[in-house]
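Each residue of the sequence shown is one higher than the one before, starting from 4 at the first, in our numbering. Scroll down for the structure; my scribbles are underneath it.
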Amino acid sequence: MTRWPVPTLADLPGRGLPVRLRDTATGELVIAAEGDRGRMYVCGITPYDATHLGHAATYVGFDLLHRAWIDSGVEVTYVQNVTDVDDPLLERAAATGVDWHSLAVEQTQLFADDMAALAVIPPHHYLGVIDTLPLVVDAVQRLIASGHAYTVPGNGSEPDGDVYFAVHSDPHFGEVAHLDEAAMARIFAERGGDPGRPGKKHPLDPLLWRVARPEEPEWDGDRLGRGRPGWHIECTTIALEHLGMTFDVQGGGSDLIFPHHEMGASHAHALTGSHPFARVYAHSGMVGFQGHKMSKSRGNLVLVSRLRAAGEEPAAIRLALLDHHYRSDWEWTDADLTTARARLERWRRAVHQRSGADAAPVLAGVRARLAEDLDAPGALALIDGWAQATLTGASESSSSESPSEAASDVASANAPDLVRRTVDALLGVRL
Ligand code: ZN
Numbered sequence: 004m005t006r007w008p009v010p011t012l013a014d015l016p017g018r019g020l021p022v023r024l025r026d027t028a029t030g031e032l033v034i035a036a037e038g039d040r041g042r043m044y045v046c047g048i049t050p051y052d053a054t055h056l057g058h059a060a061t062y063v064g065f066d067l068l069h070r071a072w073i074d075s076g077v078e079v080t081y082v083q084n085v086t087d088v089d090d091p092l093l094e095r096a097a098a099t100g101v102d103w104h105s106l107a108v109e110q111t112q113l114f115a116d117d118m119a120a121l122a123v124i125p126p127h128h129y130l131g132v133i134d135t136l137p138l139v140v141d142a143v144q145r146l147i148a149s150g151h152a153y154t155v156p157g158n159g160s161e162p163d164g165d166v167y168f169a170v171h172s173d174p175h176f177g178e179v180a181h182l183d184e185a186a187m188a189r190i191f192a193e194r195g196g197d198p199g200r201p202g203k204k205h206p207l208d209p210l211l212w213r214v215a216r217p218e219e220p221e222w223d224g225d226r227l228g229r230g231r232p233g234w235h236i237e238c239t240t241i242a243l244e245h246l247g248m249t250f251d252v253q254g255g256g257s258d259l260i261f262p263h264h265e266m267g268a269s270h271a272h273a274l275t276g277s278h279p280f281a282r283v284y285a286h287s288g289m290v291g292f293q294g295h296k297m298s299k300s301r302g303n304l305v306l307v308s309r310l311r312a313a314g315e316e317p318a319a320i321r322l323a324l325l326d327h328h329y330r331s332d333w334e335w336t337d338a339d340l341t342t343a344r345a346r347l348e349r350w351r352r353a354v355h356q357r358s359g360a361d362a363a364p365v366l367a368g369v370r371a372r373l374a375e376d377l378d379a380p381g382a383l384a385l386i387d388g389w390a391q392a393t394l395t396g397a398s399e400s401s402s403s404e405s406p407s408e409a410a411s412d413v414a415s416a417n418a419p420d421l422v423r424r425t426v427d428a429l430l431g432v433r434l
C-alpha cells in the first residue's frame with residue numbers, strides 16, 4: 004500500500020513524559036511504551052465510505068499517541084492494515100455495480116488524502132490483504148497442524164473446506180473484552196460472525212480461510228485450497244510479522260473490542276504459545292450523528308472528504324475532533340465545527356502577536372495532559388487560556404517598559420512561537 008506523506012513536526016525544547024493509556028482489558032492506566040521503543044498497531048479501514056468522522060477520530064486519537072511518543076524520545080513502529088478484501092466491500096461493490104478492486108483502490112486513496120489533510124503521521128508499515136496472503140496461509144496451516152483450527156464440511160449451500168478457529172482452544176479467550184457468553188453471541192452475530200454455520204465446533208468460532216466461491220476473489224492458499232482470508236487473522240499475522248508478540252498498543256474503535264480484537268489475540272496466543280498479544284488494548288469511542296452511531300450500515304455518515312470539498316479547513320476538522328476525549332462516545336453537530344473555527348482563528352491571532360503570556364508552562368501542561376490517557380480536551384483548554392491571556396495582554400500593553408523587564412521581555416517575545424510549535428508538534432494543528 005502507498006503511504007501518504009509524512010508531515011513535518013516542529014521542534015520542541017526538552018522531552019515529553021511517558022504516556023499512560025487506559026487498557027480496555029484490565030481497566031488500568033498503563034504506561035504505553037516500556038523503555039525507548041513504542042510498537043503500535045491500529046486496525047485500518049475497509050475501503051468503502053471512507054473516511055467518516057468516526058474513522059477520523061480514531062486515527063487522529065492514535066496520532067496523538069504517536070506524536071507524544073516521538074516527543075518523549077520513544078522510537079515508534081506503527082503498523083496499519085487495509086481490509087481491501089472483505090465481505091462488506093464485496094457486497095457494496097455488487098450492490099452498486101462497480102468492480103470491487105476499483106472501489107477499494109479509489110476509497111483507499113481517498114482515505115490517504117484525508118489522513119494527509121488531517122496531518123496524521125502515516126504508519127511505517129501499511130499493508131493490504133494481498134500483501135500479506137502468504138503469511139496468512141502459513142499461519143492458518145500452522146493453526147490446523149497444532150489443533151487450534153479445523154475445516155468444516157460442505158453442505159447444500161456451502162462448499163467443503165472453510166477453516167475455522169476453535170476459540171476455546173485458547174485458555175485466554177475472553178480476556179480482552181470480558182463479555183459473558185450471551186453478550187458474545189449477540190455481538191458476534193451483529194458484527195459479521197456466522198454463529199449458525201453448520202459443522203462448527205462452537206458458534207463463536209471465527210472464520211480463518213474461506214474457500215473459493217463463484218463470483219468472489221480468490222487466491223492460492225497452498226494446502227488450504229484457493230480462497231481468501233478471514234478478517235481477524237489478517238491483523239494478527241501482520242502485527243506478529245512487523246511488531247512481534249506482546250507489542251505495546253493494539254488500537255482501534257471500541258466496536259473492534261469484540262469480536263475482532265478478542266479473536267485476533269486468541270489467534271496470536273495459539274500461534275506463538277505465549278500471552279498476551281498486546282500489552283495495552285486501547286479503544287476510541289463511537290461518534291454519533293443525528294441520534295445514532297455513525298455507521299456505514301445506517302448511512303448517517305459525515306465524510307471528511309465532503310467537508311473538505313465544501314471548503315472546510317482540515318485543521319478545523321482536526322480541532323473539532325480533538326475537543327472530545329478519544330475514549331468518549333459523542334455526537335457530531337454543526338456546532339463542533341463552529342467552535343473549532345473560532346478557536347483556530349483565536350489561536351492564530353494569539354500566536355501572531357509580537358509577545359505573549361509565558362509559554363513554558365503551556366508546553367509542560369500540554370505534555371502532562373497528553374501523558375494522562377491523551378487528554379486532548381485538557382490540552383486545548385490550556386492553549387485557550389494562553390491565547391486569552393496573550394490577546395488580553397496585547398490589548399492592554401503599554402509602550403513604557405523599565406529596563407528590569409528586559410529578561411522577561413525576551414521570554415514573552417518567544418512565547419507565541421513556542422506555543423505555535425507546541426500546537427504543531429503535539430496536537431498536529433498548524434497555526
Ligand atoms: Zn484489525
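Backbone N, C-alpha and C fix where the C-beta goes; we use that ideal spot for every residue, glycine too. Note that the coordinates shown come from a computational prediction; the quantities given were computed from them, not determined experimentally.
Identified DSSP bridge partners for Lys204: Paired residue(s): none; Lys204 is not in a bridge.
Buried/exposed call for Val101, threshold 16 Cβ in 10 Å: exposed
Which of helix, strand or coil DSSP assigns to Pro137: Helix.
Beta carbon of Ser277 nearer than 7 Å to that of Asp173: no
Classification of Gln83 by the beta-carbon crowding that lies within 10 angstroms, buried from 16 upward: buried
Residue from His104, His328 and Ala414 with nearest C-alpha to Pro364: Ala414
Run of the alpha helix (DSSP H) containing Leu274, from where it starts to where it stops: Leu274 -> alpha helix (DSSP H) spans Glu265 to Thr275.
Given Ala323 as reference, the closest of Ala343, Ser331 and Asp387 once Cα atoms are compared: Ala343
Buried versus exposed, by CB contacts within 10 Å (16 or more), Leu310: buried
Rounded separation between Val179 and Ala418 - CA only: Computed Cα separation, rounded: 44 Å.
Gln253, buried or exposed, once every other Cβ within 10 Å from all chains shown has been counted against 16: buried
Own chain partners of Ala397 with C-beta closer than 6 Å, once the 5 adjacent residues on each side are dropped: Gln356
In chain order, each beta strand (DSSP E) run of at least 3 residues that lies wholly inside the segment 298-336: 333-335
Residue range of the unbroken beta strand (DSSP E) whose run includes Arg95: Residue range Asp90 to Thr99 is occupied by the alpha helix (DSSP H) that includes Arg95, with no beta strand (DSSP E) assigned at that position.
Cβ distance (whole Å) where Ala119 is taken to contact Trp7 below 8 Å: Right, their Cβ atoms sit about 4 Å apart.
Check: Glu218 C-beta below 6 Å from any heavy atom of the ligand FAD: In the structure shown, the ligand FAD is absent; the only ligands present are the ligand ZN.
Glu78 (DSSP reduced to helix, strand or coil): Secondary structure at Glu78: strand, using DSSP grouped into helix, strand and coil.
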